[in-house]
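Okay, structure first, notes after.
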Amino acid sequence: MVHKSKPLGRAIGKMVCALMLACAMAWLALGPGLQGQAIAAGEMSQDQFDQRIHDYILAHPEVIVEALQSLDARQREAEAKAAKAALAARADEIFRDPASPVGGNASGDVTMAEFFDYNCSYCRQVAPIMAQAAADDPQLRIVYKEFPILGPDSVFAAKAALAAQRQGKYAEFHKALYDARTRVTEAVVLRVAAEIGLDVPRLKTDMQLPDIQAAIDRNAQLAQALKISGTPGFVVGDQIFPGATDLATMKKLIDHARSSK
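Residue numbering for the sequence shown follows the working numbering, beginning at 1189 and increasing consecutively.
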């Protein structure tokens, strides 16, 4: 799965939090007696107390690892809860945004939304799996969320795809871009557009329309709310699945969404 790089500040912040947790663990490890001594005036100076904590951490470096693991687990749990809440609150935007192209059965009983980038190799690998899932399940509805995170070429491709929808050729264009089997540059996008019979001058004009950029911006905001930081990312029913997957797993997600209705 393709991920955006994490800012250095976030990593430093996690380390600071971990050190604070480690210090708290060290404080607890001193035992009630020594804690009382540290608190009692005159029993232990601040320097002595700091040295005691320092020595404990050096003697037990595993507390840093434990603190980091505890912090990561808490953050993952908090992020998962926030993502589930966002999914429930913004289901219409995810599954029923009129600007998002729809594939499969437009009236299907289960909807799978995919956040993707045409230059993501994992998205390219999963495209035929999605096509097979739709072929095997006539009640599957697919919503395509253009989520170009891999640079200007990806943004150009996403805008062109949404513009192709205005000419009734989104599905054909979407598949042709993946079938190109190369980095999807501006030149590749325009070549593919011409090959499938799109009106290229009209395409270029439509790509500049504000509502096309607005649709991409909405997708980016949704991905952030759902904690989808890379591509591909899937939302099926009440489930958020980050990363590429195989056909069997995809079908399990679909079946679970259908049985949960």
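Heads up, the beta-carbon is just placed ideally off N, CA and C, and yes, glycines get one too.
Buried or exposed (CB count within 10 angstroms, at least 16 for buried), residue i
{"i": "Ser-1450", "result": "The chain is shown only over 1189 to 1449; residue 1450 falls outside these bounds and no answer can be derived."}
{"i": "Pro-1336", "result": "buried"}
{"i": "Val-1253", "result": "exposed"}
{"i": "Pro-1420", "result": "buried"}
{"i": "Glu-1265", "result": "exposed"}
{"i": "Gln-1263", "result": "exposed"}
{"i": "Gln-1353", "result": "buried"}
{"i": "Leu-1414", "result": "buried"}
{"i": "His-1362", "result": "buried"}
{"i": "Gly-1418", "result": "buried"}
{"i": "Thr-1437", "result": "exposed"}
{"i": "Arg-1312", "result": "buried"}
{"i": "Arg-1329", "result": "buried"}
{"i": "Ala-1351", "result": "buried"}
{"i": "Asp-1305", "result": "buried"}
{"i": "Leu-1246", "result": "exposed"}
{"i": "Gly-1292", "result": "buried"}
{"i": "Asp-1394", "result": "buried"}
Secondary structure of residue i, DSSP reduced to three states
{"i": "Lys-1439", "result": "helix"}
{"i": "Val-1372", "result": "coil"}
{"i": "Ser-1342", "result": "helix"}
{"i": "Ser-1447", "result": "helix"}
{"i": "Ala-1348", "result": "helix"}
{"i": "Asp-1285", "result": "coil"}
{"i": "Arg-1354", "result": "coil"}
{"i": "Gln-1223", "result": "Because Gln-1223 carries a pLDDT of 48, less than 50, the predicted location of this residue cannot be relied on, and the following value inherits that uncertainty. Three-state DSSP puts Gln-1223 in a helix."}
{"i": "Asp-1235", "result": "helix"}
Pairwise C-alpha distance: residue j and residue i
{"i": "Ala-1279", "j": "Gln-1234", "result": "54 Å"}
{"i": "Lys-1440", "j": "Gly-1431", "result": "15 Å"}
{"i": "Cys-1308", "j": "Ser-1288", "result": "19 Å"}
{"i": "Val-1290", "j": "Thr-1299", "result": "10 Å"}
{"i": "Asp-1325", "j": "Ser-1342", "result": "30 Å"}
{"i": "Ala-1319", "j": "Val-1380", "result": "20 Å"}
{"i": "Ala-1445", "j": "Asp-1387", "result": "39 Å"}
{"i": "Ala-1411", "j": "Phe-1303", "result": "8 Å"}
{"i": "Lys-1176", "j": "Ala-1368", "result": "Here the chain has residues from 1189 to 1449 only, and residue 1176 is not among them."}
{"i": "Ala-1274", "j": "Ala-1402", "result": "19 Å"}
{"i": "Ala-1322", "j": "Ile-1442", "result": "11 Å"}
{"i": "Ala-1364", "j": "Glu-1383", "result": "9 Å"}
{"i": "Ala-1374", "j": "Phe-1429", "result": "Reading off the sequence, residue 1374 comes out as Glu, not Ala. Glu-1374 and Phe-1429: Cα-Cα distance of roughly 30 Å."}
{"i": "Asp-1426", "j": "Ile-1282", "result": "11 Å"}
{"i": "Asp-1297", "j": "Ser-1448", "result": "12 Å"}
{"i": "Ala-1270", "j": "Pro-1389", "result": "43 Å"}
{"i": "Val-1372", "j": "Tyr-1358", "result": "16 Å"}
{"i": "Ile-1317", "j": "Ile-1416", "result": "20 Å"}
{"i": "Ala-1345", "j": "Val-1377", "result": "6 Å"}
{"i": "Thr-1370", "j": "Leu-1259", "result": "40 Å"}
{"i": "Pro-1249", "j": "Glu-1267", "result": "28 Å"}
Residue i: first and last residue of the uninterrupted beta strand (DSSP E) it sits in
{"i": "Lys-1333", "result": "1328-1334"}
{"i": "Gln-1427", "result": "1427-1430"}
{"i": "Val-1298", "result": "1298-1304"}
{"i": "Gly-1292", "result": "1290-1292"}
Enclosing alpha helix (DSSP H) for residue i [first to last residue]
{"i": "Val-1314", "result": "1309-1324"}
{"i": "Lys-1363", "result": "1358-1367"}
Heavy atom of the ligand MG within 8 Å of residue i beta-carbon
{"i": "Pro-1389", "result": "The ligand MG is absent from the structure shown, which contains no ligands of any kind."}
Within-9 Å CB hit, residue i to chain D
{"i": "Gln-1396", "result": "Within the model displayed, chain D is absent; a lone protein chain is all it includes."}
**Asked** At what residue ranges does the stretch 1237-1283 contain a whole run of the alpha helix (DSSP H), taking only runs of 4 or more?
**Response** Counting only unbroken stretches of 4 or more residues, the alpha helix (DSSP H) elements lying wholly within the stretch 1237-1283 are 1250-1277 and 1279-1283, in sequence order.
**Request:** Please go through the stretch 1382-1425 and give each complete alpha helix (DSSP H) segment of 4 or more residues, from N-terminal end onward.
**Result:** Secondary structure within the stretch 1382-1425: the alpha helix (DSSP H) runs of 4 or more consecutive residues, fully enclosed, are 1388-1395 and 1398-1413 (chain order).
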